[in-house]
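Q: Residue numbers (this note's numbering): 1 to 251.
Sharing a structure with you now.
Structure follows, in structure tokens:
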């Protein structure tokens, strides 16, 4: 059992370390969850292994099943919360992100464990939102926000969102939309990139699917298997800030 625990924990450590050079972030909290899951699963296995139980004291025999079950339950909380968020995302569709709900925190992310600051929307904000996001570019790619989709977009015709620079000057941004290839091991994703500029006045920015299909790299874009939307600074490392709101699909 100790060998099994060591191997599985080692795999978890290698998995987190492999994320360091890439766009994802290694998180110590993930290792804690891994450890709890390993302890819980192996602890329950030990608790019901008659040969191993004989070597344990009476107190450990009584406490181990309960402690292991609690640890396993805690380890499952992130997965349960993520599943709940996916259900809510499907219910909210074709709205992708509004910054109005706690579950949306599983839908979007930033590098280096940064999170956009949620603010009350100004009175002149275009779509009467209660909450908007103030996002500062982060990481070597200058990412403002990355939004997971995983929903079929085929019945819609365009993507739109509200955006403005947080300061007084115009800034340059990039948007990337990526699909998921079924043969991902053999083929790269199809990706669409576009550069645009924004000023301090909020506006609804729209990209038609026709434009995405026309500009996608690595073959036809699969709107039934969209993976993510990524907004980033055209020049990373400048500390630019933007206001974001109401990502949605439209007919």
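We put the beta carbon where it would ideally sit given N, CA and C, even for glycine.
Got a sec, what are the start and stop residues for the alpha helix (DSSP H) residue 82 sits in?
A: Residues 58 to 92.
Q: Who does residue 173 pair with in a DSSP beta bridge?
A: According to DSSP, which records beta bridges pairwise, residue 173 is partnered with 196 and 233.
Q: Output needed for residue 229: all residues of its chain with C-beta closer than 6 Å, excluding positions within five of it in sequence on either side, in chain order.
A: Cβ neighbours of residue 229 beyond the five flanking positions: 147 and 177.
Q: Which residues in the same chain have their Cβ closer than 6 Å to the Cβ of residue 136, if we skip the five residues on either side of it in sequence?
A: Within the same chain, residue 136 has close Cβ partners 241.
Q: Beta carbon of residue 173, beta carbon of residue 79: below 8 Å?
A: Cβ atoms of residue 173 and residue 79: not closer than 8 Å.
Q: Going by alpha carbons, who is nearest to residue 158 out of 85, 46, 55 and 94?
A: Nearest of 85, 46, 55 and 94 to residue 158, Cα basis: 94.
Q: State whether the segment 163 to 171 contacts the segment 192 to 208, with contact taken as three or more CB pairs (one from each stretch) at a distance under 8 Å.
A: Segments in contact, yes.
Q: Are the Cβ atoms of residue 36 and residue 69 separated by less than 8 Å?
A: The answer is no: Cβ separation not under 8 Å.
Q: Is it true that the CB of residue 213 sits closer than 8 Å to the CB of residue 221?
A: Cβ atoms of residue 221 and residue 213: closer than 8 Å.
Q: Cβ of residue 85 versus every heavy atom of the ligand COA: is any distance shorter than 7 Å?
A: By its list of ligands, the structure shown contains no ligand whatsoever, and the ligand COA lies outside what it can speak to.
Q: Report the rounded CA-to-CA distance for residue 227 versus residue 108, giving the unit in angstroms.
A: Taking the straight line joining both Cα atoms gives about 12 Å.
Q: Drop a sphere of 10 angstroms on the beta-carbon of residue 244, count the other beta-carbons inside from all chains shown, and report buried for 16 or more, exposed for fewer.
A: Classification of residue 244: buried, given that the 10 Å Cβ count is 16 or more.
Q: Counting only the same chain and skipping the five closest in sequence on each side, list residues whose C-beta sits under 8 Å from that of residue 258.
A: With the chain covering 1 to 251 only, the question about residue 258 has no answer from this structure.
Q: Go to residue 208, then tell me how far its beta strand (DSSP E) extends in each direction, as first and last residue.
A: Here the beta strand (DSSP E) through residue 208 covers 203 to 208.
Q: So residue 116 and residue 133 are supposed to be a Cβ contact under 8 Å. How far apart are they, rounded?
A: Confirmed, Cβ separation roughly 4 Å.
Q: Out of 125, 138 and 164, which has the shortest C-alpha to C-alpha gap to residue 236?
A: Closest option to residue 236, Cα to Cα, is 138.
Q: Below 8 Å between beta carbons: does that hold for residue 99 and residue 71?
A: No, these two residues do not count as a Cβ contact at 8 Å.
Q: DSSP three-state call for residue 251: helix, strand or coil?
A: Residue 251: coil per DSSP, three-state reduction.
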